[in-house]
Amino acid sequence: MARRAASAASAAAPAAIAAELARIVAALNPEQRTAVTTTEGPLLVLAGAGSGKTRVITVRIAWLLAHGATPEQLLAMTFTNRAANEMRERVAGLVGAERAKAVTVGTFHAFCVRLLRERGHAIGLPSRFAICDSSDQLAALKGALRELRIPETTLHPSALQSQISLMKSKLLTPIDALKQADDRRAKQVAKAYAKYDENLRRTRSVDFDDLLLFAVRLLRESAKDREELAARFRYVMVDEYQDTNAPQYELLRLIAGAHRNLCVVGDDDQSIYGWRGADVKKILGFERDFEGAAVVRLETNYRSVEPILEAANRVIACNPSRHGKTLRSALGPGEPVVVKRVEDETAEADLAVREITDRMREGLSRPKDFAILFRAATQARAFEAALRAKQVPYRLVGGMSFFDRKEVRDVLAYLRLAANPDDEVSLLRIINCPPRGIGKTTIDKALAYATAEGIPVARAFRQANAIAGLPAPAVEAMQAFLGKVAALGAADPGRDLVAWIRRVLAEFDYRAEVDRAYPDPATREERWQGVLELVNFAENHVRRASAPTLSSFLEALVMSSEDSEEEKESARDVVTLMTLHSAKGLEFPRVFLVGVEEGLLPHVRAVTENTVEEERRLMYVGITRAQRHLTISCVKSRARGGHRGESMPSRFLYEMRGEAPPKMWRPCEPREE
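Residue numbers (this note's numbering): 445 to 1117.
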């Protein structure tokens, strides 16, 4: 009797899910419904701002599962952990947690990590490779420049980091870079790229870009792995397709090229990351690359009122290279867009803050209803000062991440060194942290020996007897330190990870380092709390992971560091200040789009590099963040580099109004490099 009742309940559950799915699909607009129910062959969904694309993707996954696909056959990829988590949660709400768990949903990088851990041996990649984050990369690049005797004043490490990342996003190897180098600086960049790459391989490390490159290499070189992945993932979906770069595109082509069941969702009008490798040509050329592709346009906007969308449509229509689409408001009429030109940046900040405080005083709005968006981070200063003066709570998006704090990076270096004894960047970070009597001369000699022998510096210290001129106490201290690290890392802590981290902190007396570095008691305690927060991360990882390891914990930290702070901040009742690039994907009832001037938006660099189309897309993104009200401002004069100069309203303002600029207006001139 009980068995019959359980069987009836299990049969009712899928029936209830099917009925709910049918109701949801019926409630979609006709274009959304077409995107959901077109399941075979290549499909391009052009999803305008605020058109409900996440809903379409998640309902499409549920539709596929209801019409014969198994969860294991579905692969959905996006660009941020936040987007992946939201997609996963929505799918679980539609099909149940168990089925949703079996669907592969994640970022490109997370997918590649899993792929390379499982199959990377086919191209000689060890399964326990370490993943460098941005700070680790900078340290490794500084080491590469030091080995090449190139001063940091000649090649700044952060600029070099961006250049190498851009080359990798175009599938360029160090050999390719050297072949293409046509001047002294380009040759130096190519040599630094080669040395940096060599150092990563020597220490069994990869950076974020390498995750994509190695995954592409694996699928190109191993027909077996390529065919197995294509057979497993019969339906591939991609969110934010306009942000894909060459390796991501190639990865999709290699997996879905045979069965062609590839659905990409994106908006070429919101492609604003060309400076970091995103290639808008991928979404513009989708129908050429995947012949016979169906195209669905989502043009009904559920976010903004009509005047805001009319302004956005007029601006973006001036871009010659785009898929034609026109946003229509589901919300109907609303307040007109306000455009103000004021004297200077102080007056501009006062204008915004006065409206914010007036509406708050009248009880019409709360701080979290407002966002102030700008092209360059330096523009925030005047607004911060004005908000502070009026005691209005705010957050400036893009401040220091939790993972960039010294004490957090120090502890992570200890953990990484235990996981990978050849991790040179981590070793050099904590070699004297706390101080243990190893001087700069000793380190330099060990580095020179390691470079000459082509071995990690940790191995050089273990071979200290072969290095001439090393003081015995320093060698003894280093070898004792390395022995301690090796002993701690000899066995993976598994579910004892939290206790193991506490043991590492005690073994190396890291509390003494915090006390030494921060004499002020309040600061000292705050910094130590940062260390304990890392222990909390470990506790969460052990609780959630099915088979936690030290490597899986370190990997989870690297993969999640980019959005963790934002998730905490977003719930606060404060005014948001952020750059236009940071604002993509967000929405606010009332938006101030500030500094809309020639030289700022479009930026002078974009005018010089002939990328004004991307700046116009940035303007479009800024406009479409506003739900109910948009104020756009520019100034008559602005200080730049300590000098005040006249500012011209942006060309985009005239495009937005459908007017020609007046005779006295001057466009921003290209800057001589």
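Just so it is clear, CB atoms sit at the ideal spot from N, CA and C, and this is done for glycine as well.
query: In terms of residue numbering, what span does the alpha helix (DSSP H) encompassing Leu1030 cover?; result: Element bounds for Leu1030: n/a, residue is neither H nor E.
query: Rounded to whole angstroms, what is the Cα-Cα separation between Arg572 and Leu656?; result: 17 Å
query: Quick check: the Cα distance between Thr886 and Leu610, rounded to an integer number of angstroms?; result: 36 Å
query: Are there 16 or more other CB atoms within 10 angstroms of the CB of Ile619, so buried, or fewer, so exposed?; result: exposed
query: Kindly confirm or deny that the region 644-662 and the region 549-564 touch, where touching means at least three C-beta pairs closer than 8 Å.; result: yes
query: State buried or exposed for Leu976, treating a residue as buried only when at least 16 other CB atoms are found within 10 Å of its CB.; result: exposed
query: Quick one: what's got a C-beta closer than 7 Å to Ala690's C-beta in the same chain, skipping five residues either side?; result: Ser613, Lys614, Leu615, Asp723
query: Could you spell out where the alpha helix (DSSP H) holding Val975 opens and where it closes?; result: 965-988
query: From this set, Lys1107, Pro1111, Tyr1098, which residue's C-alpha is nearest Ala755's C-alpha?; result: Tyr1098
query: Pick helix, strand or coil for Glu806, following the three-state DSSP scheme.; result: coil
query: Just list the beta strand (DSSP E) runs in the region 713-778, keeping only unbroken ones of 3 residues or longer that don't cross its boundaries, in chain order.; result: 738-742
query: Can you list, in chain order, the stretches of the beta strand (DSSP E) that have 3 or more residues and sit fully within the region 809-876?; result: 814-818, 838-840
query: Is it buried or exposed, Glu684, if we count other Cβ atoms within 10 angstroms and call 16 or more buried?; result: buried
query: Any idea what DSSP makes of Cys1112, helix, strand or coil?; result: coil
query: With burial defined as no fewer than 16 other Cβ atoms inside 10 Å of the residue's Cβ, what is the status of Glu1103: buried or exposed?; result: exposed
query: Mind checking which residues open and close the beta strand (DSSP E) that includes Gln1071?; result: 1070-1079
query: In whole angstroms, what separates the C-alpha of Val535 from that of Trp507?; result: 10 Å
query: My output table needs one value for His703: the three-state DSSP class, helix, strand or coil.; result: coil
query: Between Leu728 and Asp712, is the Cβ-Cβ spacing less than 7 Å?; result: yes
query: Take every Cβ of the region 1044-1059, pair it with every Cβ of the region 825-837, and state whether three or more of those distances are shorter than 8 Å.; result: no
query: How many Å lie between Val781 and Tyr1064 at the Cα?; result: 14 Å
query: Arg1095 lies in the alpha helix (DSSP H); which residues open and close that run?; result: 1095-1101
query: What number of angstroms, rounded off, separates the C-alpha of Ala935 from the C-alpha of Glu533?; result: 35 Å
query: Per DSSP, what are the beta-bridge partners of Lys497 in this structure?; result: Lys497 pairs with nothing; no bridge assigned.
query: Within 10 angstroms of the Cβ of Glu787, are there 16 or more other Cβ atoms? Answer buried if so, exposed if not.; result: exposed
query: Please list, in chain order, all residues of the same chain as Asp577 whose beta carbon is under 6 Å from its beta carbon, the five residues on each side excluded.; result: Val1002
query: Closest by CA to Leu1157, which one among Cys877, Pro879, Ile911, Gly881?; result: Only positions 445 to 1117 of the chain appear in this structure, which leaves residue 1157 out of reach.
query: Roughly how many angstroms lie between the CA atoms of Glu789 and Ala904, to the nearest whole one?; result: 56 Å
query: By the three-class DSSP mapping on this structure, what secondary structure does Pro481 have?; result: Looking at the sequence provided, one finds Thr at residue 481 rather than Pro. Thr481 falls in the helix class under three-state DSSP.
query: Compare the C-alpha of Ala738 against each of Glu1058, Leu488, Leu1030, Met1100 and name the closest.; result: Leu488
query: Mapping the DSSP letters down to three states, classify Lys639 as helix, strand or coil.; result: helix
query: Run through DSSP, which three-state label would Lys784 get?; result: strand
query: Measuring alpha carbon to alpha carbon, tell me which residue in Ala583, Arg704, Glu1090 is nearest Arg1110.; result: Glu1090
query: Compute the beta-carbon to beta-carbon distance between Ser602 and Leu582, rounded to the nearest angstrom, for a pair I have assumed lies under 8 Å.; result: 7 Å
query: From the DSSP output, in three-state form, read off His600 for me.; result: coil
query: Is it a yes or a no for the region 764-776 touching the region 488-497, going by three-plus beta-carbon pairs under 8 Å?; result: yes
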